[in-house]
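Undergrad: One structure follows; several queries about it will come next.
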Ligand SMILES: CC(C)(COP(=O)(O)OP(=O)(O)OC[C@H]1O[C@@H](n2cnc3c(N)ncnc32)[C@H](O)[C@@H]1OP(=O)(O)O)[C@@H](O)C(=O)NCCC(=O)NCCS
């Protein structure tokens, strides 16, 4: 099933197209951006391979499937967000985000990820949506909290990551928590 683009007040979430390459290189090519990502800074060839792997965005209900969407603002791609089917049987979904530092600090990631949570719960019927992050990635942890995800776990040195042992934080929100957010 292909993904129908979704609008938010400021943004368009849509499948990537090959002509997004320059915009994607501008952020996924950055060492600052990739510091906490699995990949090293991308070059043009890596961006082309990335775009080939995520275009067109389709949703298949199989474990491991990833829906990766471009986040467009004023006609340019300023970042991307993704959902990954962690378990079809248990309706577990992982959420992720990567934005161009030029556009950090304006709530764009919050706005895009909020819309993606709607996709996860309302369209995919997820029971639980979770995020995994390095505890040093404070901006990502704040984003989880703004979105209403709870900090569930802090795993110590659970992976060898970019030359050192890395901790892992797990944040999550259940469908019923998302539907009725706690009062702050
Ligand atoms: C993680 C990441 C997406 C967070 O980006 P961000 O710019 O901090 O998040 P937002 O776009 O939601 O902006 C929120 C910030 O803007 C401020 N803000 C301004 N206007 C806002 C609005 N309308 N709505 C919400 N926040 C707003 C918030 O106060 C917040 O500031 P703070 O972090 O100083 O508290 C970004 O740091 C990133 O792309 N990092 C590199 C890739 C990465 O590490 N990805 C995650 C791997 S786990």
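Residue numbers (this note's numbering): 144 to 327. Glycine included, C-beta positions come from ideal geometry on N, C-alpha and C.
1) Take residue 254 and list the residues in its own chain whose beta-carbon comes closer than 8 Å to its own, dropping the five residues that flank it on each side.
2) For the stretch 170-225, which segments carrying the beta strand (DSSP E) assignment without a break, of at least 3 residues, lie completely within its bounds, in sequence order?
3) With distance defined between alpha-carbon atoms, name the residue in 184, 205, 186 nearest to residue 267.
4) Residues in the same chain with beta-carbon distance under 6 Å from residue 291, minus the five sequence neighbours each way, listed in chain order, please.
5) From this set, 300, 274, 270, 288, which residue's C-alpha is nearest residue 318's C-alpha?
6) Run through the stretch 277-324 for me and flag every whole alpha helix (DSSP H) of 4 or more residues, listed as ranges in chain order.
7) Report all residues from its chain with a CB closer than 6 Å to the CB of residue 170; omit the five preceding and five following residues, and keep chain order.
8) Taking C-beta to C-beta, are residue 298 and residue 286 nearer than 8 Å?
9) By DSSP, does residue 257 sit in helix, in strand, or in coil?
10) Report buried or exposed for residue 274, applying the criterion of at least 16 other Cβ atoms within 10 angstroms of its Cβ.
11) Hey, how far is the Cα of residue 300 from the Cα of residue 279?
12) With respect to the beta strand (DSSP E) encompassing residue 267, which residues constitute its N-terminal and C-terminal limits?
13) Could you check whether the Cβ of residue 154 sits closer than 7 Å to any heavy atom belonging to ligand 1?
TA: Judging by the given coordinates:
1) As a working mapping, residue 254 is identified with position 111 in the chain shown. Only 151, 152, 153, 154 meet the Cβ criterion.
2) 209-216
3) The residue you call residue 267 lines up with position 124 of the chain shown. Of the listed residues, the one whose Cα sits closest to residue 267 is 205.
4) Taking the first residue of the chain shown as 1, we reach residue 291 at position 148. Only 316, 324 meet the Cβ criterion.
5) One-based indexing of the chain shown puts residue 318 at position 175. Nearest C-alpha to residue 318: 270.
6) The qualifying runs are 281-290, 318-322.
7) Position 27 of the chain shown holds residue 170. Contacts found: 176, 243.
8) In the chain shown, counting from the first residue as 1, residue 298 sits at position 155. In the chain shown, counting from the first residue as 1, residue 286 sits at position 143. Taking C-beta atoms as the reference points, residue 298 and residue 286 fail to come closer than 8 Å.
9) Taking the chain shown and counting its residues from 1, the one referred to as residue 257 is at position 114. Helix, per DSSP.
10) Here residue 274 refers to the residue found at position 131 of the chain shown. With 16 or more Cβ atoms within 10 Å of its Cβ, residue 274 is classed as buried.
11) Walking along the chain shown from the start, residue 300 turns up at place 157. Walking along the chain shown from the start, residue 279 turns up at place 136. One C-alpha to the other measures close to 13 Å.
12) Working through the chain shown from its first residue, we reach residue 267 at position 124. Premise fails: residue 267 is in no beta strand (DSSP E) and is neither H nor E.
13) Against the chain shown, residue 154 aligns to sequence position 11. Here the distance from the Cβ of residue 154 to the nearest heavy atom of ligand 1 is not below 7 Å.
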